[in-house]
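At position 4 of the sequence shown (counting the first as 1) the number is 11 in the numbering used here, and the numbers step up by one without a gap.
Think of the CB as a built atom: it goes at the ideal place given N, C-alpha and C, for glycine as much as any other residue.
Structure first, commentary second.
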Amino acid sequence: MTPTRELALQTTKECKKFAKLFDIRCVAVYGGTGISEQIAELKRGAEIIVCTPGRMIDMLAANG
8 MTPTRELALQ
18 TTKECKKFAK
28 LFDIRCVAVY
38 GGTGISEQIA
48 ELKRGAEIIV
58 CTPGRMIDML
68 AANG
């Protein structure tokens, strides 16, 4: 979890460099962009999720 969208994107970018070596997926989930696209990305599977606190709350609330 990171406090800002910018940090979430930066962390995910670095994570993806290592994720390729181990054949794992790293996904960023943050506010300021469509939640439906991010849900679709998560449904494709991810071993590592980098998120902001606000979007995590949104995702948990949407999931009921």
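As a quick exercise: from the options, pick the residue whose alpha carbon is nearest that of residue i.
{"i": "D30", "options": "C22, V36, D65", "result": "C22"}
{"i": "R12", "options": "A47, I55, I56, G38", "result": "G38"}
Can you give the Cα-Cα distance for residue i and residue j, rounded to whole angstroms?
{"i": "P60", "j": "A69", "result": "14 Å"}
{"i": "Q17", "j": "A26", "result": "14 Å"}
{"i": "Q45", "j": "D65", "result": "11 Å"}
Under the assumption that residue i contacts residue j (Cβ atoms under 8 Å), give the Cβ distance between them as a whole number of angstroms.
{"i": "C33", "j": "A53", "result": "7 Å"}
Counting only beta-carbon atoms, is residue i nearer than 7 Å to chain D?
{"i": "A68", "result": "This model lacks chain D altogether; it includes just one protein chain."}
Identify, in the order they occur along the chain, each residue of the same chain with its Cβ nearer than 7 Å to the Cβ of residue i, setting aside the five sequence neighbours on each side.
{"i": "A35", "result": "A15, L16, T19, V57"}
Tell me which residues share the same chain as residue i and place their Cβ nearer than 6 Å to its Cβ, disregarding the 5 neighbours each side in the sequence.
{"i": "G41", "result": "none"}
Please go through the same chain and pick out, in chain order, the residues whose beta-carbon is closer than 8 Å to the beta-carbon of residue i, but skip the five residues on each side of it.
{"i": "P10", "result": "T59, P60"}
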